[in-house]
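This is the structure in structure tokens:
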């Protein structure tokens, strides 16, 4: 998973499983769009330290997805809801409720 959207989804699904420090640095990178140098300066650590922590965090999140597959399941259910909506306009109310529960 490479895009910001994919990284955001990984974090949304599995971010709570990271340490506080990992979460903070991941959020600074993905959500606040800070550079490694900015994060390093703000946190008083080296740029390489930030890069290493970010790499480990991203790998950890990807491993959770590989093992648990929650994002894959979410995308499958969402796609099925799209198919149901297209097949039956009356079903839109139901698929809206399903998406709300996701």
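In the working numbering, the protein residues as written are 1 to 102. C-beta atoms are modelled at their ideal positions from N, C-alpha and C, and glycine is treated no differently. Being a predicted model, the structure only gives us computed values, none of them experimental.
Taking the alpha helix (DSSP H) that residue i falls in, what are its first and last residues?
i	result
residue 39	36-43
residue 94	92-101
Could you tell me if residue i is buried or exposed, where buried requires 16 or more neighbouring beta carbons within 10 angstroms of its beta carbon?
i	result
residue 7	buried
residue 4	exposed
residue 58	buried
residue 31	exposed
residue 118	One cannot answer for residue 118 here, as it falls past the ends of the chain, which runs 1 to 102.
Go through its chain and collect everything with a Cβ distance to residue i's Cβ below 6 angstroms, but skip five positions before and after it.
i	result
residue 70	13
residue 28	34, 39
residue 91	84
Excluding sequence positions up to five away, which residues of its chain have a Cβ less than 8 angstroms from the Cβ of residue i?
i	result
residue 94	84
residue 77	98, 102
residue 42	28, 34
residue 100	none
Spatial neighbours of residue i within its chain, please: CB distance less than 7 angstroms, with the 5 preceding and 5 following residues excluded, ordered by chain position.
i	result
residue 36	47, 50, 51
Give a yes or no on contact between the region 52-66 and the region 76-92, applying the rule of three or more CB pairs nearer than 8 angstroms.
-> No, the region 52-66 is not in contact with the region 76-92.
Along the chain, which unbroken stretches of the alpha helix (DSSP H) at least 4 residues long are found entirely within the region 14-88?
-> The qualifying runs are 20-30, 36-43, 47-68, 70-87.
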